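Protein chains in written order, with the working numbering: chain A, 413 to 602; chain B, 194 to 983.
Written as structure tokens, this is what we have:
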């Protein structure tokens, strides 16, 4: 084996393979809504969809307090994605200089279903909703409204499989979850 | 001549028979409003006004309908099923069915008590709830009558039962199809629930010597650590005082309180302490399985509501005899009501029978203390408990494979495996934290692939904190008396008391019981009036400050700002809702009898009251909330409340939704969104506190009141969410509405928003939605306007 091919093999070994489609079963075992459940996707899919969306919205909740997760929220926000900060998550984002707005998750779910809602900034509704870091069952219930009563695409990039989303990661370990968020971020325009 | 009940024949008119039923003073029985005994559509227009502003938001737990043999039907994406109903309609139907279940539960409780109390005390037993002329506000407002005796409640429950049957009929396949009208019916069921609860509590307060509007009601002990389990222990579980009252009477008559410990679990416990001061409270429903598995109870007595379905199975394992005393929960047990008490005791002590159904209260009273005296020594000698020994605990925690299946099955997603790992290293503190957050459902036991009895492990590892779990609550006082309303009503309507916050409902908290204590402490220090009932009351009393005092010991129990009032058990919720009717009647002179719409309209626009059921789990809690909504009282539930599948959420961005009429001339006034929502959830304690403050705004607030409310809204948002609320300016009508301490700073912020400020006069000259008008009479009901403007 040449030195070159050895280096390539080593490089390949070093790149951790992230498969976010494994364990695509509802995180809370009983949370089976019906025949339509989220398609499990690799991180590049939501990443590309976020990059292409005209008016995407990122929703984050009370579980973004960990340093690693919070850093990814900030990076996504700095990439120009507007953030709906639900629960008490705003306290983590207050001083980060992001386009982040506090909103109650239940009210937000209702307003997203309303074509007349002017959005968080008065500039109209959204064509893509991506979320993570919200209490699992709370997020699952709230997005069931979007699934059944709106046409908005909803993607979970949380560490849990969310059957009520259109697309979701499977149930992920924390390190895989962080790596998956990084892959989503990698798809965004620099 | 005085009229009496009965049949009469008049001399000379032998073919004419006159039947006289219940007789009341004429002026008491004349309805003053248009809707005495409303039928299921009588208040539909009021409901539609609510629904137009507070749109139902559906969050289905299932996208399927499997209610009839056409199905299962997939309704995903709001498709129609085979019968024609879509997911929105099906979700609304489920909301109605949930409300009916809750209302039926409370009303059947009331029916059982009424039949029993009439048999014991007679129909003419006078009702007495304390110093009030308006003794049954909900009954008056719904039925148009003023009850004076417990017998007067017979037609009230007849009405409730008939209406619930009519409502239930509409849920059959091929009946109602409109989600909007399902919701109107759900609101009707919620109102019936309030009525059923009021009957239940008024008759038990009147007949059983409960405190009557007593702001100084004594304290009761509460907690898993309060009972002396060297003595025989009797634990009563459920909500109905009838059977436990006989046990307490027997113990009193035989001086057994120093020989036997008796306590209750869930709302029966509240009513036991209201009935007899020697009774104690173990805690809410979440403690049932935990306490049974501790092995401490020597006899379990069940009645109705919030009783776990597996009590007999769990008790049997630990040789705890179960005495079922309600027809509603019979567990397949043999009915021994006609048998000799000693024979029954013999069968239970010997283990021949694990439990019995006993519907004769006298026998229950005789049997239970006697049985406890026999079972206690036997059980204690054997040391029955489901909890593992120290050595077993060490082995069990080391078996954990960290598969996380328990966490995935746990309703609170508790990090159980982390606690297992810590325990392997001798650290039990993580389990102690879990004990507070665990709702004691036992689902983790079923999920463990290596058969660790997880709940038992949590409880064994938490013995240190369980021993210290000793709180105190002021026992249920019942209604708020008329004199208190006279004193406080004005402050509430003008807003100078920032609001009434009712902490009610069950213990399915998202992050432990301590949250509800913290919330009450925060809001009471801000001078809100805090009213409580049911399991929330208990949880608030579980914690103490550094001086060892619970909140009930720190704050008095009068209906004035900065006080903490426990009304009582689940059915005492009626008094909380009724307080707003009293404000409308006593403070504002509104007629109550048969006048629901006008009263509810007044409450919605003028009384800054909000309910929070942070741990609501049951259908009953949903019915209570829905009933409050029909009365114009907003309700917040915890994040689990999204699983109720329906909320009523306002859209502040739709200005036309916030038009009200000025009652003086019928002119349309566009007002601030107050209250913004009727039923909504929040994710965390930090989120809900500013929301509670916001939901206390009302269009009628005067400037001083608005400034006080705005102060709390802003401060709570800054404290917990680290931000000024985005919408604070919407609630500013002039400079006098601004919190004094921040006036200049806020005026600058308003100027940045484009408002015009006259800095010399320190006045706002342009910007607010509307002006303050002290004579403004906001109403949503056109007929209530003195002169309708064309």
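Built from N, CA and C at the ideal position, the CB exists for glycine as well. Since the structure is predicted, the reported quantities are computational estimates derived from the model, not experimental observations.
Problem - Buried or exposed by the 16-neighbour rule on C-beta atoms within 10 Å, applied to residue 351 of chain B - result: exposed
Practice task
With residue 434 of chain A as the anchor, note down where its beta strand (DSSP E) starts and where it stops.
Solution key: Note, residue 434 of chain A: premise wrong, no beta strand (DSSP E); not H, not E.
Handout entry: CA nearest to the CA of residue 783 of chain B, picked from B:241, B:327, B:249 and B:444
Key = For the residues B:241, B:327, B:249 and B:444, the minimum Cα distance to residue 783 of chain B belongs to B:327.
Handout entry: Beta carbon of residue 378 of chain B nearer than 8 Å to that of residue 289 of chain B
Key = yes
Handout entry: Partners in chain B for residue 473 of chain A, counting only beta-carbon separations shorter than 8 Å
Key = 876
Exercise for the section: Could I get the ranges of all uninterrupted alpha helix (DSSP H) runs contained in the segment 492–554 of chain A, with 4 residues as the minimum, in chain order? Expected result: For the segment 492–554 of chain A, whole alpha helix (DSSP H) runs of length 4 or above, ordered along the chain, are 502–505 and 517–524.
Problem - Coil, strand or helix - residue 788 of chain B by DSSP - result: In the three-state reduction of the DSSP assignment, residue 788 of chain B falls in the coil class, being assigned neither a helical nor a strand state.
Exercise for the section: Rounded to whole angstroms, what's the CA-CA distance from residue 353 of chain B to residue 764 of chain B? Just pull it up for me. Expected result: 15 Å
Exercise for the section: Report yes or no: do three or more beta-carbon pairs, one from the segment 699–709 of chain B and one from the segment 726–735 of chain B, lie closer than 8 Å? Expected result: Contact holds: three or more Cβ-Cβ distances are below 8 Å.
Exercise for the section: Give, in chain order, every residue of the segment 527–554 of chain A whose Cβ lies closer than 8 Å to some Cβ of chain B. Expected result: 528, 529, 530, 546, 547, 548, 549, 550, 553 and 554
Problem - Beta-carbon spacing of residue 267 of chain B, residue 447 of chain A below 8 Å - result: yes
Problem - Reduced DSSP secondary structure (H/G/I, E/B, other) of residue 700 of chain B - result: strand
Handout entry: CB contact below 8 Å: residue 498 of chain A versus chain B
Key = yes
Exercise for the section: With 8 Å as the threshold, decide whether the Cβ of residue 923 of chain B is near any Cβ in chain A. Expected result: Put simply, the CB of residue 923 of chain B is far from chain A, with every gap to its CB atoms at 8 Å or more.
Problem - Top-ranked residue by Cα proximity to residue 683 of chain B, from B:724, B:399, B:897 and B:617 - result: B:897
Exercise for the section: Report, in whole angstroms, the separation of the C-beta atoms of residue 805 of chain B and residue 685 of chain B, which I expect to be a contact under 8 Å. Expected result: Not a contact, Cβ separation roughly 17 Å.
Exercise for the section: Please work out which residues of its chain come closer than 6 Å, Cβ to Cβ, to residue 821 of chain B, disregarding the five sequence neighbours upstream and downstream, and give them in chain order. Expected result: 770, 804 and 828
Practice task
Compile a chain-ordered list of the residues in the segment 437–454 of chain A whose CB is closer than 7 Å to at least one CB of chain B.
Solution key: 439, 440, 441, 445, 446, 447 and 448
Practice task
Determine, using beta carbons only, whether residue 583 of chain A and residue 559 of chain A come nearer to each other than 8 Å.
Solution key: no
Exercise for the section: Hey, could you find the ends of the alpha helix (DSSP H) residue 458 of chain B is sitting in? Expected result: Careful: residue 458 of chain B lies outside any alpha helix (DSSP H), inside the beta strand (DSSP E) at 454–458.
Exercise for the section: Could you tell me whether the Cβ of residue 580 of chain A comes closer than 8 Å to any Cβ of chain B? Expected result: No, no contact with chain B.
Exercise for the section: Please check if any C-beta of chain A sits within less than 8 Å of the C-beta of residue 601 of chain B. Expected result: yes
Exercise for the section: Just the chain A side, please: which residues come within less than 7 Å of residue 914 of chain B by C-beta, in chain order? Expected result: 500, 502, 503 and 514
Handout entry: Reference residue 790 of chain B, options B:446, B:809 and B:972, closest by Cα
Key = B:972
Practice task
Give a yes or no on whether the minimum CB-CB distance between residue 969 of chain B and chain A is below 8 Å.
Solution key: no
Handout entry: Interface flag, residue 574 of chain A vs chain B, CB-CB below 8 Å
Key = no
Handout entry: Where residue 607 of chain A sits in the DSSP three-state scheme
Key = Residue 607 of chain A is absent from the structure shown; chain A starts at 413 and stops at 602.
Exercise for the section: Please confirm if residue 522 of chain A has its CB atom under 8 Å from at least one CB of chain B. Expected result: Yes - at least one Cβ of chain B is within 8 Å of the one on residue 522 of chain A.
Handout entry: Neighbour-count burial assignment, residue 563 of chain B, 16 or more Cβ in a 10 Å radius
Key = buried
Exercise for the section: With a cut-off of 8 Å on the beta carbons, I'd call residue 580 of chain A and residue 568 of chain A a contact; round off their distance for me. Expected result: Contact between residue 580 of chain A and residue 568 of chain A holds, with the beta-carbon distance rounding to 4 Å and staying under 8 Å.
Practice task
Check whether the segment 741–751 of chain B touches the segment 296–308 of chain B, taking contact to mean three or more Cβ pairs, one atom from each stretch, closer than 8 Å.
Solution key: The answer is no - the segment 296–308 of chain B does not touch the segment 741–751 of chain B, with fewer than three Cβ pairs under 8 Å.
Practice task
Evaluate residue 842 of chain B with the Cβ neighbour count: other Cβ atoms within 10 Å of its Cβ, from every protein chain shown; 16 or more gives buried, anything less gives exposed.
Solution key: buried
Exercise for the section: Can you have a look at residue 365 of chain B and say buried or exposed, based on whether 16 or more other CB atoms are within 10 angstroms of its CB? Expected result: exposed
Exercise for the section: Return yes when the Cβ of residue 472 of chain A is within less than 8 Å of the Cβ of residue 544 of chain A, no when it is not. Expected result: yes
Practice task
Verify whether the separation of the beta carbon atoms of residue 245 of chain B and residue 850 of chain B is less than 8 Å.
Solution key: yes
Practice task
Could you tell me whether the Cβ of residue 896 of chain B comes closer than 8 Å to any Cβ of chain A?
Solution key: no
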